[in-house]
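The structure appears below as structure tokens.
Numbering (the working numbering), first residue to last: 8 to 696.
So this is what it looks like as structure tokens:
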């Protein structure tokens with residue numbers, strides 16, 4: 008076979024991402040399948056399937072160059088090391104030379120970096136890079152030798168096929184992270200402070216490089232002596248050798264005179280994760296290449312714990328974070344595409360729901376903008392903490408008539424089988440407005456009903472119809488509520504019961520719901536069971552059309568709505584209903600009644616977040632202004648109703664904007680349980696800002 012190159016991961020255009028190129032030496036034409044499998048297992052699934060590299064996978068394009076060698080296996084060399092680790096007096100004891108694509112030599116000696124370049128290696132390597140990937144940032148060279156060894160630095164890493172993925176991660180720590188080795192071999196360091204982020208000679212608590220990661224109760228130095236671990240005082244029972252920071256003597260291959268941040272980082276023992284110092288440094292330096300942000304955050308029960316986990320969608324990638332009750336742990340990154348072939352794009356519309364009835368949420372993704380045709384996909388758990396595609400509909404689902412740019416999807420269990428279905432609506436792309444019911448099989452969807460221009464009894468679907476879902480009669484099937492305040496001479500509300508035959512209108516309110524005082528153009532509806540009787544009720548708010556703002560509560564009887572309460576100008580404790588008040592329905596206090604989160608960032612001198620707790624017949628309000636703990640409320644904030652702990656109800660809000668992600672607890676007031684900047688990571692002590 009001829010030499011070739013293949014793109015293994017296309018995270019983004021060169022220049023916006025860091026380009027990793029892997030090349031093999033000593034692989035004949037017959038060895039290429041072995042080489043390809045090694046790259047997939049050790050680099051793609053190994054390095055980029057774990058901890059930091061999995062988290063930041065979207066920062067890296069990966070290219071594989073296949074070079075055909077004449078001989079199988081690389082040249083080898085054995086040194087007479089004279090019983091020391093000083094290479095200056097070593098002589099070559101034996102060598103076997105082979106004709107390979109790069110002319111690399113494996114020597115198996117730590118003093119000689121385990122492997123070395125041959126006479127023409129540099130020229131051959133440069134020629135291959137310049138031909139196939141001239142804008143390479145990091146080069147990984149794989150030697151076809153079963154020995155164990157790796158050497159890296161200066162943007163290059165070299166390993167033999169005998170190593171596992173942790174050795175590559177260590178070598179990438181040199182080339183990508185710019186980290187020094189943290190293990191000890193011999194000697195005493197006598198020079199001054201140097202530039203390595205993970206080594207220091209400074210022992211003063213205030214000036215040492217990583218003071219923000221050291222608990223004030225930790226003694227400094229923490230470990231004294233050759234390659235020391237914690238030996239200054241009593242080592243705490245909960246101490247982590249990998250994640251708790253201090254000053255431990257030995258590092259940079261020196262035994263004494265210089266200090267490393269933790270007992271055992273990846274730059275020491277390969278297998279552990281990067282310590283807080285290395286992790287924060289590499290995350291910071293690569294952050295601009297990930298395209299990560301918190302704008303596209305979604306809460307969902309992805310792992311069956313009863314706690315809300317988090318899905319982050321950013322551009323061409325997603326991330327999943329498991330909620331363990333104390334914080335979040337990264338479990339999965341889908342970069343460019345996931346198994347089954349769904350490719351993520353910036354305009355993906357994401358719907359989270361339990362579409363197969365297993366008690367764990369799945370993900371529906373729709374994109375009508377970024378491709379030559381619209382696509383709908385269903386992603387389910389892959390059994391290993393990630394997602395895989397099980398169904399994809401290209402351009403249409405049979406019977407719908409063609410997906411279009413402005414299709415919008417609502418989650419609803421239409422037949423009460425415990426599996427969420429989809430309602431698809433479109434009032435923009437066709438000559439009439441359409442509503443379709445897509446029933447879930449657990450592994451895909453099929454169309455059961457399509458309403459062209461009208462649902463019988465409504466009087467004509469129109470462009471500005473607004474759609475809401477909830478179980479109005481308590482039969483475990485989600486029904487539909489439609490509101491329109493724009494397209495007719497008066498505003499309308501319609502209630503539609505979900506039945507085996509489709510949707511059947513039970514009630515239509517023309518111009519008013521008795522007790523409201525007149526439906527109006529800017530009415531906003533919020534559905535939730537505010538009296539705890541198992542039927543979904545309706546809140547209505549209007550801040551635009553009258554001399555004051557109004558909030559109404561309407562109880563569902565199963566076939567209609569009954570007036571319960573109307574607040575004219577204020578809900579006691581809120582401080583005055585205002586034009587731009589926004590509401591999110593949720594059972595905040597866990598008593599089975601649906602309350603309201605209230606939010607306003609426009610009408611006052613500072614931003615307000617409120618709780619309006621339902622008694623079943625009324626609301627009592629409280630609020631926090633400007634700050635909730637360390638969270639500075641702002642106009643860019645968005646909220647996802649969540650259950651961060653395992654208790655009943657949904658008393659939490661996942662609050663997020665471009666750079667920040669937080670957990671607000673509203674069960675007994677307002678408090679901030681967690682806050683993260685730029686990335687989600689639980690530090691043992693300290694944080695990244």
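We put the CB at the ideal spot given by N, CA and C, even for glycine.
With a CB to CB cut of under 6 Å and the five nearest residues on each side skipped, what residues in its chain are close to residue i?
| i | result |
| --- | --- |
| residue 186 | 180, 205, 274, 285 |
| residue 386 | 370, 394, 396 |
| residue 531 | 548 |
| residue 399 | 384 |
| residue 365 | none |
| residue 594 | 601, 656, 657 |
| residue 104 | 82 |
| residue 453 | 446 |
Should residue i and residue j be called a contact, given that it needs their Cβ atoms to be closer than 8 Å?
| i | j | result |
| --- | --- | --- |
| residue 253 | residue 227 | yes |
| residue 419 | residue 430 | yes |
| residue 691 | residue 250 | yes |
| residue 525 | residue 518 | yes |
| residue 435 | residue 457 | no |
| residue 628 | residue 578 | yes |
| residue 230 | residue 255 | yes |
| residue 322 | residue 294 | no |
| residue 476 | residue 487 | yes |
| residue 314 | residue 650 | yes |
| residue 527 | residue 507 | no |
| residue 67 | residue 12 | no |
| residue 81 | residue 151 | yes |
| residue 304 | residue 88 | no |
| residue 362 | residue 663 | no |
| residue 139 | residue 72 | yes |
| residue 583 | residue 576 | yes |
| residue 555 | residue 581 | no |
| residue 307 | residue 319 | no |
| residue 92 | residue 121 | no |
| residue 29 | residue 54 | no |
| residue 462 | residue 473 | no |
Ignore the nearest five residues each way along the sequence and tell me which others in residue i's own chain have a CB closer than 7 Å to its CB.
| i | result |
| --- | --- |
| residue 625 | 572 |
| residue 402 | 380, 381, 409, 410 |
| residue 124 | 111 |
| residue 684 | 666, 667, 695, 696 |
| residue 239 | 226, 228, 229, 230, 231 |
| residue 713 | Lying before the first or after the last residue shown, residue 713 is absent from the chain, which here runs from 8 to 696. |
| residue 336 | 328, 329 |
| residue 425 | 364 |
| residue 289 | 59, 183, 184, 281 |
If you draw a straight line from the alpha carbon of residue i to that of residue j, how long is it in whole angstroms?
| i | j | result |
| --- | --- | --- |
| residue 86 | residue 109 | 21 Å |
| residue 310 | residue 653 | 13 Å |
| residue 428 | residue 529 | 29 Å |
| residue 21 | residue 220 | 34 Å |
| residue 41 | residue 449 | 38 Å |
| residue 659 | residue 569 | 30 Å |
| residue 279 | residue 59 | 11 Å |
| residue 421 | residue 216 | 58 Å |
| residue 244 | residue 261 | 28 Å |
| residue 447 | residue 333 | 34 Å |
| residue 36 | residue 106 | 13 Å |
| residue 132 | residue 97 | 27 Å |
| residue 441 | residue 465 | 13 Å |
| residue 621 | residue 597 | 11 Å |
Starting from the C-beta of residue i, find all residues in its chain whose C-beta is less than 8 Å away, skip the five residues before and the five after it, and write them out in chain order.
| i | result |
| --- | --- |
| residue 164 | 145, 146, 147, 148, 157, 158, 175, 178, 179, 181, 182 |
| residue 378 | 352 |
| residue 25 | 66, 67, 68, 144, 145, 183, 293, 296 |
Under the assumption that residue i contacts residue j (Cβ atoms under 8 Å), give the Cβ distance between them as a whole number of angstroms.
| i | j | result |
| --- | --- | --- |
| residue 113 | residue 83 | 5 Å |
| residue 502 | residue 534 | Not a contact, Cβ separation roughly 11 Å. |
| residue 682 | residue 637 | 5 Å |
| residue 587 | residue 550 | 7 Å |
| residue 623 | residue 539 | 6 Å |
| residue 160 | residue 115 | 19 Å between Cβ atoms; not a contact. |
| residue 608 | residue 641 | 7 Å |
When every heavy atom of the ligand GDP is checked, does at least one fall within less than 7 Å of the C-beta of residue i?
| i | result |
| --- | --- |
| residue 303 | Of ligands this structure carries none, so the ligand GDP is not represented either. |
Give the list of continuous alpha helix (DSSP H) stretches no shorter than 4 residues that lie fully inside the stretch 249-320.
273-276, 283-297
In chain order, which alpha helix (DSSP H) runs of at least 4 residues are fully inside the stretch 139-205?
172-182
Please give me, in chain order, every unbroken run of the beta strand (DSSP E) with length at least 3 that falls completely inside the stretch 79-145.
82-87, 98-103
Length at least 3, wholly inside the stretch 369-447: the beta strand (DSSP E) runs in chain order
369-374, 382-388, 394-401, 415-419, 428-433, 441-447
Could I get the ranges of all uninterrupted alpha helix (DSSP H) runs contained in the stretch 8-65, with 4 residues as the minimum, in chain order?
39-45, 58-62
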